[in-house]
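Asks: Numbering (full-length UniProt numbering), first residue to last: 1 to 954.
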Amino acid sequence: MIRFALLGLGLGAIYALAGQGLLLVYRGSGVVNFAQGAFAAVGALAFYQLHMEAGVPTAPAVALALAISGAVGALMHLAVMRPLRDAPPLTRVIATLGVMVVLQQAGRIVFGTEVHIVPSFLPTDSVRPFGGPAVGADRLVLLAIAVVISAVLWLVYRYSRFGAVTAAVAENERAAQLTGHSPDVVAVINWTLGAMLAGAAGILIVPITGLDINTLILLIIPALATCVVAAFASFPIAFAASMVIGITQSEITNYVSAAGWGEAVPFLVVVLVLVVRGRGLPLRSHVNEVLPEIGTGVLRPGRVAAVVAVATVVILSTPDSWTDAFTTTIIGAIVCVSLVVVTGYGGQLSLAQFAFAGWGGYVASRLAAEHGLPFLLVLVIGVVAAVPLGVVVGLPALRTRGIHLAIATFGLAYSLQAVLFQSVPLTGGLEGTVVEPASLFGWDVDPVSHPKRYAVVCLAALLLAAVAAGNIRRGRSGRRLVAVRGNERAAASLGISVYGAKLVSFALSAAIAGLGGVLLAFQSSYVDFNQFNVFSSIAVVINTVIGGVGFLLGGVIAGASTSGGLTSKIFGEIFPNGDINQYVTLALAALLAPTLISFPNGFAARIAGWRPPAALTARFGHGAGRSSGGASRSSGGAVAPAVAHRVPPKVLRVQDLAVRFGGVHALGGVSMEVRPGEIVGLMGPNGAGKTTFIDAVTGFTRLWSGTIQLDDTRMDAQNPRRRALLGIGRTFQSLELFDQLSVLENLRTAADPRDSIAYVTDLVRPRRTQLTPAARSAVEMFALADDLDRLPSELSYGRRRQVAIARAIAAEPSVLLLDEPAAGLNESETHELSDLLRRLADEWGIGIVLVEHDVPMLNRVCDRLVVMDFGKVIATGTPAEIRSDPRVIAAYLGTEDPEIAEPAEVSGSAEHNGSAEPPEAVRPAQPAGSTEPAAAAEPAASQDVAAVGRELSG
């Protein structure tokens, strides 16, 4: 045990070097570099060529190899990452995958694929540290190197000026530029150093593992593991994590005879760390990434039939030598379509698509080989079996997102590869898995004897997968997926199950990929499970992003780029010598970065002449064009009368609500009651806790104490979705509309039934739902009929605010919490909004909590006002009572008199407990709906408060 632990220290030291380099790159540029293992390969190959082939002495060869690694790292930043500096983080991660494949394929083409033996230049004598078991001296030297480098990095980045500048650039590039520091220079230095550390790891590990490009590429896995444990921030923690991973792998090798577990278990632990650290919903500060555009999922039957007919004719009429290329292309397209579902529609970057495919192929082929089950039966079983694996791999998506989810799916896919697909005993022993010729209903479709028939079967499977994916996109389940993709918080506020949508996207994606995997497994009589590896999953991402990850057409186009597909066949005919697949893979990977820069939506968007959904025919109700009976806006800005839609009357009671963030008391015992048809204004300057109060009531912030009731139902333990379904609605300061859905689809998403069966029925027949009466009333009230077919981005800011409120009331909430709905509106728009809110209360019976800085608006529309200061309610009452309240005056004029500043109950008020932010300005009350300025003749105290109100409200 001790001996294996000592051996693990040497392995952990190498992981530490690779991980510290990855951490350096992240600290210097904010990029999680999946090409870090490729940098290790560059260093190792350069050293081998210089030292072993050219005879350069060891020290100069190491120095030159490290310099080459560093130069490649600097070039990657300058040529790839700098042009993508404003791209979303996930886009940059995908770009690093492209660089990884470019370096991998270039190395394989130039240096070949054989494993080279490299002698160690470190001392290899056996030593007995502390009198223990013998271990190679090189392992201790590796440990010493890692300790020294980790200590130097920690000291430099903690205490040096360069470390401070790097931290400043990582925190805020613009601010760093204003102080005279170049983010590019900082990034280049860190990319260079990070690549050199990876090169050092590669040079030091090849004497242990042999020089194999794929093995070196996979150094990214332990490097990612160490950085995840260290939260991409701490060099000492990364070093400690590396040691633990190295020792754990070594000990597992000692105690577990099955191959693969040593590589898999540490990364599974890392996935667990990601899940434990994650959150079910992103924080309010989370900035949604700009995701690729998506298609409508519409499949025009005439065009599809024509394409299928032409493809069938081409398959049947071309020489047999082309048939395998057609079949491989079609199967690859099926797997790429599965990525369109999970990443394009669902917004979850998955690096596990070929793991899903492999599992489906494994289950089907093993059942056929061991039990002789017919092809059609095992095909169905393989597809169904992939679904639970998709759910399992999708579980981290419930608490992680973005880059962390990509890391988690990558690790899970590699674990399945290491434990299952590379295991000889589990894949049929020395004989492997041999399947009988496939047949359908007695029709022989054996791909060996009848390859054209098998190709046609695969084409039918692709059509089935595309139809299912398109149906999902067009149905209400697709709107849920796109809503979650665009904004998880907004989706949850409408009662959409974010967890359910994510798991469904992974499950459906896995089923489609499993279909492709079964067809790929049966393409030959001997099943090669090595093809189901993480590199194939990465190729799927690269090819589909180039094709257009948001479009079904993009997935189909991507199929041609599959290794062995039509692209390889065409170029193979032109250049018959050599393995053309490697060159095609290299070219596609090299094409990725330019595509991300110039065509971020992929080539399918251009080929299809894509226009936003707003440019397509929108349907209001039954959907024959725009509604001609909708309300219209008059020149005076008035809104035509709307049909009142009464909501179920419910009373919101909040008692002693407290929220803490660490040692900060954001809310300090807030109590409030909101009755049906009542508007309660919540006032307080920025930082007073008003939005925190809304987040707490709607379930987006965890409570420290207190109770929340809607009528007699306790909600303080419910999640945001359950609260929304019970009748709590809200808007957000930043609107948080679903920007890739039209206004009509935004409203439909809010009004759609929340039935789970839609995820199944939409696969076969997506129903076009009519707008509910509440949604129709919202359209009429806010005069949205002429904007239904537009995207939110096409509307003015004021109209987007109205759409946000209309979407909220389309869900028919009994209580609506509005977070600064008048922010950014001009005076006429604010007056119009005031009238609309008053009507929502009077005609719909909605209880409204209105957070707003516009005090005249609050005085016009509110029945009661609640004033907050530093997490406490300092006053509650009618606008007239609040105007002259001494505690409000004290809060706004800054008095320190404890007799005045102490919160107390306002005469005639039932509530006096509060929340956490400083307070807003108060102006003299006006009659509801009045647009005239308040009278100047007010008591002296009111005049003082009004003066403060005018100053704070601008």
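From the three backbone atoms N, C-alpha and C, an ideal C-beta is built for every residue, glycine too.
Please identify the residue among 206, 705, 351 whose C-alpha is closest to the C-alpha of residue 396.
Replies: Counted from its first residue, the sequence shown places residue 396 at position 396. Comparing Cα positions, the closest option is 351.
Asks: Does DSSP put residue 422 in a helix, a strand or coil?
Replies: Counting from one through the sequence shown, the residue named residue 422 turns up at place 422. If DSSP states are grouped into helix, strand and coil, residue 422 belongs with coil.
Asks: Are the region 14–31 and the region 190–208 touching by the rule of at least three beta carbon pairs closer than 8 angstroms?
Replies: yes
Asks: Give every residue of the same chain whose Cβ lies closer than 7 angstroms to the Cβ of residue 908, excluding the five residues on either side of it in the sequence, and list them in chain order.
Replies: By 1-based counting over the sequence shown, the position of residue 908 is 908. The predicted model places residue 908 with a pLDDT of 34, which falls under 50 and marks its position as unreliable; any figure quoted below should be read in that light. Correct list, in chain order: 877, 881.
Asks: Can you tell me which of the three DSSP states residue 969 falls into?
Replies: Since the first residue of the chain shown is 1 and the last is 954, residue 969 is not available in this structure.
Asks: Between the C-alpha atoms of residue 410 and residue 534, what's the straight-line distance to the nearest angstrom?
Replies: The residue you call residue 410 lines up with position 410 of the sequence shown. The residue you call residue 534 lines up with position 534 of the sequence shown. Approximately 7 angstroms between the Cα atoms of the pair.
Asks: In whole angstroms, give me the CA-to-CA distance for residue 160 and residue 86.
Replies: Looking up residue 160 in the sequence shown gives position 160. Looking up residue 86 in the sequence shown gives position 86. In a straight line, the C-alpha of residue 160 is about 28 angstroms away from that of residue 86.
Asks: Taking 7 angstroms as the threshold (C-beta atoms), are residue 94 and residue 545 in contact?
Replies: Taking the first residue of the sequence shown as 1, we reach residue 545 at position 545. Taking the first residue of the sequence shown as 1, we reach residue 94 at position 94. Against a cut-off of 7 angstroms, the Cβ pair of residue 94 and residue 545 comes out as a contact.
Asks: Enumerate in chain order the residues of its own chain whose CB-to-CB distance from residue 497 is below 6 angstroms, with the five nearest sequence positions on each side excluded.
Replies: Translated into the one-based positions of the sequence shown, residue 497 becomes position 497. Excluding residues within five positions, the ones whose Cβ falls inside 6 angstroms are 721.
Asks: From which residue to which residue does the alpha helix (DSSP H) around residue 404 run?
Replies: Counted from its first residue, the sequence shown places residue 404 at position 404. The continuous alpha helix (DSSP H) containing residue 404 extends over residues 402–416.
Asks: Based on Cα-Cα distance, which residue from 510, 277, 36 lies nearest to residue 102?
Replies: The count along the sequence shown starts at 1 and reaches residue 102 at position 102. Closest option to residue 102, Cα to Cα, is 36.
Asks: Can you pull the DSSP bridge partners for residue 433?
Replies: Taking the first residue of the sequence shown as position 1, residue 433 is located at position 433. Bridge partners of residue 433: 527.
Asks: Less than 7 angstroms between the beta carbons of residue 804 and residue 737, yes or no?
Replies: As a working mapping, residue 804 is identified with position 804 in the sequence shown. As a working mapping, residue 737 is identified with position 737 in the sequence shown. It is a contact, given that the beta carbons lie within the stated cut-off.
Asks: Could you confirm whether any beta carbon from chain B is found closer than 7 angstroms to the beta carbon of residue 216?
Replies: Judged by its chain identifiers, the structure shown contains no chain B, having just a single protein chain.
Asks: In its own chain, which residues sit with a C-beta less than 7 angstroms from the C-beta of residue 82, not counting the 5 before and 5 after it?
Replies: The count along the sequence shown starts at 1 and reaches residue 82 at position 82. So the list reads 184, once near-sequence residues are dropped.
Asks: Let me know the secondary structure DSSP gives residue 642 once reduced to three states.
Replies: If you number the sequence shown from 1, residue 642 lands on position 642. In this prediction, residue 642 has a pLDDT of 45, which is less than 50 and means its spatial position is unreliable; nothing more can be read from the coordinates.
Asks: With burial defined as no fewer than 16 other Cβ atoms inside 10 Å of the residue's Cβ, what is the status of residue 745: buried or exposed?
Replies: Position 745 of the sequence shown, counted from the start, is the residue given in the question as residue 745. Buried, since its Cβ has 16 or more Cβ neighbours within 10 Å.
Asks: Please report the distance separating the alpha-carbon of residue 43 from that of residue 345.
Replies: In the sequence shown, counting from the first residue as 1, residue 43 sits at position 43. In the sequence shown, counting from the first residue as 1, residue 345 sits at position 345. Taking the straight line from one Cα to the other gives about 39 angstroms.
Asks: For residue 138, which three-state DSSP category applies?
Replies: Numbered from its first residue, the sequence shown carries residue 138 at position 138. DSSP places residue 138 in helix when its eight states are reduced to three.
Asks: Using a Cβ distance threshold of 8 angstroms, determine whether the region 520–540 contacts the region 445–453, with at least three qualifying pairs required.
Replies: yes
Asks: Give me the Cβ distance between residue 135 and residue 6, rounded to the nearest whole Å; I'm assuming they're in contact under 8 angstroms.
Replies: Position 135 of the sequence shown, counting from 1, holds the residue named residue 135. Position 6 of the sequence shown, counting from 1, holds the residue named residue 6. Approximately 4 angstroms separates the beta-carbon atoms of residue 135 and residue 6; this is inside 8 angstroms, confirming the contact.
Asks: Over the uninterrupted beta strand (DSSP E) stretch that includes residue 671, give me the two end residues.
Replies: Reading the sequence shown from its first residue, position 671 is the one you call residue 671. Residue 671 -> beta strand (DSSP E) spans 664–674.
Asks: Got a sec? Which residues, its chain only, sit under 7 angstroms from residue 111 by beta carbon, not counting five neighbours each side?
Replies: For the purposes of this step, residue 111 is identified with residue 111 of the sequence shown, where counting begins at 1. Excluding positions up to five away in sequence, the list reads 45.
Asks: Looking at residue 559: is its Cβ nearer than 7 angstroms to the Cβ of residue 769?
Replies: Within the sequence shown, numbered from 1, the residue matching residue 559 stands at position 559. Within the sequence shown, numbered from 1, the residue matching residue 769 stands at position 769. The answer is no: Cβ separation not under 7 angstroms.
Asks: With a threshold of 6 angstroms on Cβ separation, who are the neighbours of residue 13 within its own chain once the five nearest residues in sequence on each side are excluded?
Replies: As a position in the sequence shown, residue 13 is number 13, starting the count at 1. Only 142, 143, 146 meet the Cβ criterion.
Asks: Give the single residue among 501, 688, 794, 398 whose Cα lies nearest to the Cα of residue 756.
Replies: Taking the first residue of the sequence shown as 1, we reach residue 756 at position 756. Comparing Cα-Cα distances from residue 756 to each of 501, 688, 794, 398, the minimum goes to 501.
Asks: What's the gap between the Cα of residue 431 and the Cα of residue 370?
Replies: The residue labelled residue 431 in the question sits at position 431 within the sequence shown. The residue labelled residue 370 in the question sits at position 370 within the sequence shown. Spanning the two alpha carbons is a distance of roughly 13 angstroms.
Asks: Do residue 556 and residue 812 count as a contact pair if the criterion is CB distance below 7 angstroms?
Replies: The count along the sequence shown starts at 1 and reaches residue 812 at position 812. The count along the sequence shown starts at 1 and reaches residue 556 at position 556. No, Cβ-Cβ distance for residue 812 and residue 556 is not below 7 angstroms.
Asks: Give a yes or no on contact between the region 461–471 and the region 499–517, applying the rule of three or more CB pairs nearer than 8 angstroms.
Replies: yes
Asks: Whose CA, out of 277, 374, 250, lies closest to the CA of residue 2?
Replies: Numbered from its first residue, the sequence shown carries residue 2 at position 2. Closest by alpha carbon: 250.
Asks: So for residue 49, helix, strand or coil by DSSP?
Replies: Start at 1 with the first residue of the sequence shown, and residue 49 comes out as number 49. Helix.
Asks: From the DSSP output, in three-state form, read off residue 439 for me.
Replies: On the sequence shown, residue 439 is found 439 positions in, with the first residue counted as 1. Correct three-state label for residue 439: strand.
Asks: Using only CA atoms, which one of 416, 364, 725 lies nearest to residue 433?
Replies: Here the question's residue 433 lines up with position 433 in the sequence shown. For residue 433, the nearest C-alpha among the options comes from 364.
Asks: In terms of residue numbering, what span does the beta strand (DSSP E) encompassing residue 341 cover?
Replies: Looking up residue 341 in the sequence shown gives position 341. Note, residue 341: premise wrong, no beta strand (DSSP E); not H, not E.
Asks: Considering just the uninterrupted stretch of the alpha helix (DSSP H) at residue 572, what are its terminal residues?
Replies: On the sequence shown, position 572 is the one that residue 572 refers to. Run containing residue 572: 566–574, per the alpha helix (DSSP H) assignment.
Asks: For residue 11, collect the residues of the same chain with a Cβ closer than 7 angstroms to its Cβ; drop the 5 residues on either side in sequence, then sort them by chain order.
Replies: Here residue 11 refers to the residue found at position 11 of the sequence shown. Taken in chain order, the residues that qualify are 246, 249, 250.
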